[in-house]
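Read in order, the letters of the sequence shown correspond to residues 22 to 127 in the numbering used here. Working notes for the structure below.
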Amino acid sequence: MVDHTEWAQWQGRSSLRVFPTPAGRTASRTPTSMAWADEAWSEVLALAPDADTPGMRGQFLCHWQFAELARPGKTSWNLEPWRPVVDDAEMVASDCNPGGGEESFG
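Okay, here's the thing in structure tokens:
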């Protein structure tokens, strides 16, 4: 589900770039894919143990459910430890990026 992860800096802040596999992208578009989301999150944690925070899990689940629908083929799903923990409605309203705009990696 996850090809690899990579820690990066954006405007002086940490961001974990999660690069889904083609199979992960396909699975995320499946309405009944939450079991696969848990498997994919486990893969993220195996690659980047520091990502094990409620806020980053929430961002990942938001990307899992919506990224391939809103922006198919986006290079990476980016998770930031500095973003606040918010409820599901706020997470979706912020396009999975609560507390500030989306990072832009060139």
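Backbone N, C-alpha and C define an ideal beta-carbon position, used for all residues, glycine too. Computed from a prediction, not measured in an experiment: that's the story for all the values here.
Own chain, CB closer than 6 angstroms to residue i, minus 5 neighbours either side, in chain order
i	result
residue 104	76, 119, 120
residue 209	Here the chain covers residues 22 to 127 and nothing more, so residue 209 does not appear.
Residue i (DSSP reduced to helix, strand or coil)
i	result
residue 113	helix
residue 106	coil
Cβ pair residue i, residue j closer than 9 angstroms
i	j	result
residue 81	residue 62	yes
residue 109	residue 91	no
residue 35	residue 101	yes
residue 94	residue 46	yes
residue 37	residue 69	yes
Same chain, Cβ closer than 7 angstroms to residue i, five either side skipped, listed in chain order
i	result
residue 24	40, 41, 42
residue 44	22
residue 123	116
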